[in-house]
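Undergrad: This is the structure I have questions about; it appears just below.
There are 2 protein chains.
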Amino acid sequence: MRAIDENTITDAVLDQMASTLDPRLKEIMAAAVRHLHAFAREIALTPQEWLEGIRFLTAVGQKCTSYRQECVLLSDVLGLSSLVNLLNEKTAAESHTDASVLGPYYRENSPPFEPGQSIATRTHGQEIAVYGRVIDSSGRGIPRATMQIWQTDEHGDYDMQRLDPGEMDLRGWCYTDPEGRYYFRSVRPQGYSIPMDGPVGSLVRAQKRHGLRPSHIHFLIGAPGYRELVTALYPNDDEHVGSDTVFGVTDSLVVKITSGDPASPFPDLPGVHYDFKLVAAGKNQLSNRVGADPSRITKPTEAQPSR
Amino acid sequence: MRAIDENTITDAVLDQMASTLDPRLKEIMAAAVRHLHAFAREIALTPQEWLEGIRFLTAVGQKCTSYRQECVLLSDVLGLSSLVNLLNEKTAAESHTDASVLGPYYRENSPPFEPGQSIATRTHGQEIAVYGRVIDSSGRGIPRATMQIWQTDEHGDYDMQRLDPGEMDLRGWCYTDPEGRYYFRSVRPQGYSIPMDGPVGSLVRAQKRHGLRPSHIHFLIGAPGYRELVTALYPNDDEHVGSDTVFGVTDSLVVKITSGDPASPFPDLPGVHYDFKLVAAGKNQLSNRVGADPSRITKPTEAQPSR
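Chains as they are written, first to last, in the numbering used here: chain A, 123 to 429; chain B, 123 to 429.
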């Protein structure tokens with residue numbers, strides 16, 4: 123029998139897991155055990171702290187419902203969701219637009235809009251224009267790419283947080299034109315707090331973090347032959363753009379809302395000009411339709427993703 | 123703004139957590155984030171695998187009730203509970219008996235018994251004797267130490283798994299005598315399976331592990347001036363003594379059930395002879411009343427620990 127002490131126990135666990143049939147599960151669990159044990163050894167985790175950790179993780183799981191995912195929120199505030207996105211992006215060799223977290227507010231079947239229309243149909247706020255192209259890695263426009271857009275209103279609420287489940291606002295989809303161009307109008311989005319009434323909120327408060335996400339507009343862009351892109355644009359004038367609680371912001375996704383751009387289809391409106399660069403779909407076709415910014419969801423809806 | 127990529131994101135998270143007021147929470151969470159990120163980077167965790175992990179941890183939390191702790195069970199089968207015990211034991215400088223997991227079957231207010239009595243009051247099975255001394259690190263007997271004992275029956279069931287909540291069997295407590303001696307009779311305990319009907323059971327099955335704990339007798343021993351000892355003895359003839367699913371067995375706790383020991387108070391019975399060595403209570407007074415072997419609990423009882 124193996125003599126088990128605080129160092130040899132790791133190998134004892136790996137030995138017992140060595141019979142795992144699925145090679146990837148075996149690899150993942152072996153790494154999980156090694157890192158988990160190294161963590162406990164490094165900080166000399168005490169029984170009382172262990173018990174507090176167990177209680178915390180239990181509370182996180184029990185806070186989850188069909189319309190709230192506290193485990194994803196925990197992954198977000200620890201930077202894991204963004205890290206997974208970043209690792210996934212690395213698998214694309216060509217230059218491309220960075221991804222950002224999908225979040226829990228994406229809905230399928232949003233309404234189509236024509237070029238130039240506003241996606242703000244039931245909302246007041248400061249009107250803006252958003253325009254640019256969807257291009258490939260050589261800069262050529264991609265025609266008939268589908269672009270889905272969703273964002274918050276001037277109070278930081280998504281439609282499902284203030285409207286009936288059947289209604290949609292501040293979201294929609296369009297095709298790019300033959301040159302890959304897109305343009306639409308909307309209102310300035312507002313940032314918001316992650317849900318602070320659960321165990322993850324308590325942790326974030328104990329860490330003296332503000333718990334806020336900077337304002338942003340979500341995009342989900344696809345075209346035959348290209349890897350699906352899930353991303354978001356972050357206006358640079360939000361004071362929290364450098365301290366996103368879920369680490370979804372990367373430099374290349376920070377945009378300036380400017381006025382008087384002669385290239386704008388709406389020169390009278392403050393506008394965001396952004397070109398999205400897709401990569402050709404290779405054997406690694408993973409989209410990043412995961413990662414998240416689960417937030418104050420007060421109204422469950424059928425359209426709400428059920429993870 | 124910091125440029126976030128798959129390497130710098132770890133420092134970005136640590137920066138945001140640097141305002142944590144409690145220095146130990148700050149230390150623990152910083153280590154947790156570093157090890158969690160290193161894990162994801164090492165195996166290049168994909169979005170799909172991340173989502174599977176989220177679903178698994180959500181299911182673990184949601185399986186917990188007031189009488190079942192699936193998070194503790196996960197910690198057990200990953201060897202973390204035992205590791206925490208082992209780390210805690212290291213804080214005692216003197217030689218002492220190794221600890222083992224408390225498990226979820228401990229009950230307070232078990233019945234007292236007199237030396238030589240049997241704790242098997244409603245059970246049939248192969249009768250055994252258990253005897254020895256509770257001693258200090260220099261080998262002197264500790265008088266009037268309290269010793270609590272609990273174990274399974276010949277089918278691997280604890281009393282709460284087959285009797286009414288108000289009834290107890292195969293558990294009890296006694297004082298050691300003026301020389302530190304204890305002795306009682308019982309029946310051979312039987313090993314058992316961890317609960318296999320939840321997400322942790324599914325993981326253990328996917329790993330082709332048997333999911334069994336070897337047979338054992340639990341002890342919780344205390345005396346004024348000494349650190350409380352939570353441990354268990356494991357008969358060496360159980361075929362799973364070397365492959366405990368929760369890694370509670372250490373060499374020094376494996377015992378032989380022998381016959382004809384002239385030192386036995388019951389020479390006609392197969393017996394276990396074991397001396398328990400306590401350490402003086404220092405400034406580090408942590409007991410290890412945590413760690414666990416949560417198991418098939420079919421009957422919740424008031425006495426059931428509610429963690």
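Glycine residues also receive a C-beta, built at the ideal position from the N, C-alpha and C atoms.
So, at 8 Å on beta carbons, what are the nonlocal neighbours of Ile302 (chain B) in its own chain, with the 5 sequence-adjacent residues on each side left out?
TA: The sequence shown places Gly at residue 302 (chain B), rather than the Ile named in the question. Only Arg255, Val256, Ile257, Arg262, Gly263, Ile264, Pro265, Ala267 meet the Cβ criterion.
Undergrad: Output, in chain order, the set of chain B residues within a Cβ distance shorter than 9 Å of Gln184 (chain A).
TA: Simply Gly183, Gln184, Cys186.
Undergrad: Using 8 Å for Cβ pairs, my map puts Leu158 (chain A) next to Leu200 (chain B). What's the rounded Cβ distance?
TA: 6 Å between Cβ atoms; contact.
Undergrad: Terminal residues of the continuous beta strand (DSSP E) containing Thr142 (chain B)?
TA: Per DSSP, Thr142 (chain B) belongs to no beta strand (DSSP E) and is neither H nor E.
Undergrad: By a C-beta neighbour count over all protein chains shown, 10 Å radius and 16 as the cutoff for buried, is Gln248 (chain B) buried or exposed?
TA: Result: exposed.
Undergrad: Return yes when the Cβ of His332 (chain A) is within less than 8 Å of the Cβ of Ser365 (chain A), no when it is not.
TA: Yes, Cβ-Cβ distance for Ser365 (chain A) and His332 (chain A) is below 8 Å.
Undergrad: Just the chain B side, please: which residues come within less than 9 Å of Phe235 (chain A) by C-beta, in chain order?
TA: Ordered by position in chain B, no residue passes the 9 Å Cβ test against Phe235 (chain A), which lies about 28 Å from the chain.
Undergrad: Considering only residues of the segment 299-383 of chain B, which uninterrupted beta strand (DSSP E) runs meet the minimum length of 3 residues and lie entirely inside it, listed in chain order?
TA: Complete beta strand (DSSP E) runs here, min 3: 303-309, 339-344, 351-357.
Undergrad: Would you kindly check if the distance between the Cβ of Ser232 (chain B) and the Cβ of Gly278 (chain B) is under 8 Å?
TA: Not in contact: Gly278 (chain B) and Ser232 (chain B) (Cβ atoms no closer than 8 Å).
Undergrad: Buried or exposed for Tyr215 (chain B), going by 16 or more other Cβ atoms inside 10 Å?
TA: Note that residue 215 (chain B) is Ala in the sequence shown here, rather than Tyr. With fewer than 16 other Cβ atoms within 10 Å, it is exposed.
Undergrad: Pull the bridge partners of Tyr297 (chain B) from the DSSP assignment, please.
TA: Paired residue(s): B:Thr268.
Undergrad: For Ile241 (chain A), does the three-state DSSP call read helix, strand or coil?
TA: DSSP places Ile241 (chain A) in coil when its eight states are reduced to three.
Undergrad: Return yes when the Cβ of Thr245 (chain A) is within less than 8 Å of the Cβ of Asp275 (chain A), no when it is not.
TA: Cβ atoms of Asp275 (chain A) and Thr245 (chain A): closer than 8 Å.
Undergrad: Could you confirm whether any beta carbon from chain B is found closer than 8 Å to the beta carbon of Phe161 (chain A)?
TA: At least one chain B Cβ lies under 8 Å of Phe161 (chain A).
Undergrad: Identify the residues that DSSP records as bridge partners of Arg190 (chain B): which are they?
TA: DSSP output for Arg190 (chain B) lists B:Thr187 as bridge partner(s).
Undergrad: What do you reckon, are the CB atoms on Val182 (chain A) and Cys193 (chain A) nearer than 8 Å?
TA: Yes, the pair counts as a contact, with Cβ atoms nearer than the cut-off.
Undergrad: Mind checking Ala402 (chain A): buried by the 16 CB within 10 Å criterion, or exposed?
TA: Ala402 (chain A) is exposed by the Cβ-count criterion.
Undergrad: Of the residues that make up the segment 306-330 of chain B, which ones have a beta carbon closer than 9 Å to any beta carbon in chain A?
TA: Going along the segment 306-330 of chain B in chain order, one finds Leu325, Ala328, Gln329, Lys330 with a Cβ nearer than 9 Å to chain A.
Undergrad: For Ala154 (chain A) versus Phe161 (chain B), is the C-beta spacing smaller than 8 Å?
TA: Yes, these two residues count as a Cβ contact at 8 Å.
Undergrad: Would you verify that the beta carbon of Asp373 (chain B) is, or is not, closer than 8 Å to some beta carbon of chain A?
TA: So, interface residue.
Undergrad: Ala154 (chain A) touches chain B at which residues, Cβ-Cβ below 8 Å?
TA: Those within 8 Å of Ala154 (chain A) in chain B are Phe161, Leu200.
Undergrad: With a threshold of 16 other CB atoms inside 10 Å of the CB of Arg349 (chain A), please say whether the residue is buried or exposed.
TA: Buried, because 16 or more other Cβ atoms sit within 10 Å of the Cβ of Arg349 (chain A).
Undergrad: Between the Cα of Ile339 (chain A) and those of A:Pro237, A:Gln170, A:Val363, spot the shortest distance and give me the residue it belongs to.
TA: Among A:Pro237, A:Gln170, A:Val363, the Cα nearest to that of Ile339 (chain A) belongs to A:Val363.
Undergrad: Along chain A, which residues have their Cβ under 7 Å away from the Cβ of Ile150 (chain B)?
TA: Ordered by position in chain A, the residues that pass the 7 Å Cβ test against Ile150 (chain B) are Ile165, Glu171.
Undergrad: Listing by chain order, which chain A residues have their CB less than 7 Å from the CB of Cys439 (chain B)?
TA: A query on residue 439 (chain B) cannot be resolved here, the shown segment of chain B reaching from 123 to 429 and no further.
Undergrad: Taking C-alpha atoms, which residue in B:Arg327, B:Pro336, B:Phe341 lies nearest to Tyr305 (chain B)?
TA: Checking every option, the nearest Cα to that of Tyr305 (chain B) belongs to B:Phe341.
Undergrad: For Cys186 (chain B), which residues of its own chain have a beta-carbon under 8 Å away from its beta-carbon, when the five flanking residues on both sides are left out?
TA: Hits under 8 Å: Glu192, Cys193.
Undergrad: Cβ of Asp127 (chain B) versus every heavy atom of the ligand GTP: is any distance shorter than 7 Å?
TA: This structure lacks the ligand GTP, and indeed carries no ligand of any kind.
Undergrad: Express the C-alpha separation of Thr367 (chain A) and Gln329 (chain B) in angstroms, rounding to a whole number.
TA: Approximately 36 Å between the Cα atoms of the pair.
Undergrad: Closer than 8 Å, Cβ to Cβ, to anything on chain B: give me those residues from the segment 363-392 of chain A, in chain order.
TA: Hits within the stretch, in order: Val363, Gly364, Ser365, Thr367, Phe369, Val371, Thr372, Asp373, Val376.
Undergrad: Where Glu164 (chain B) and Ile126 (chain B) are concerned, what is the direct C-alpha to C-alpha distance, given to the nearest angstrom?
TA: Straight-line Cα distance between these residues: approximately 18 Å.
Undergrad: Consider the Cβ of Asp397 (chain A): report whether some Cβ of chain B lies at a distance smaller than 8 Å.
TA: No, no contact with chain B.
Undergrad: Would you mind stating whether Leu208 (chain B) and Ile131 (chain A) have Cβ atoms separated by less than 8 Å?
TA: Against a cut-off of 8 Å, the Cβ pair of Ile131 (chain A) and Leu208 (chain B) comes out as a contact.
Undergrad: Per the DSSP calculation, Ala402 (chain A) is bridged to which residue(s)?
TA: DSSP lists A:Tyr348 as partners of Ala402 (chain A).
Undergrad: Quick check: what's the CA-CA separation for Leu202 (chain A) versus Lys378 (chain B)?
TA: Taking the straight line joining both Cα atoms gives about 48 Å.
Undergrad: If you compare alpha carbons, which of A:Ser381, A:Pro389, A:Asp373 is closest to Asp220 (chain A)?
TA: The shortest C-alpha separation from Asp220 (chain A) is found at A:Asp373.
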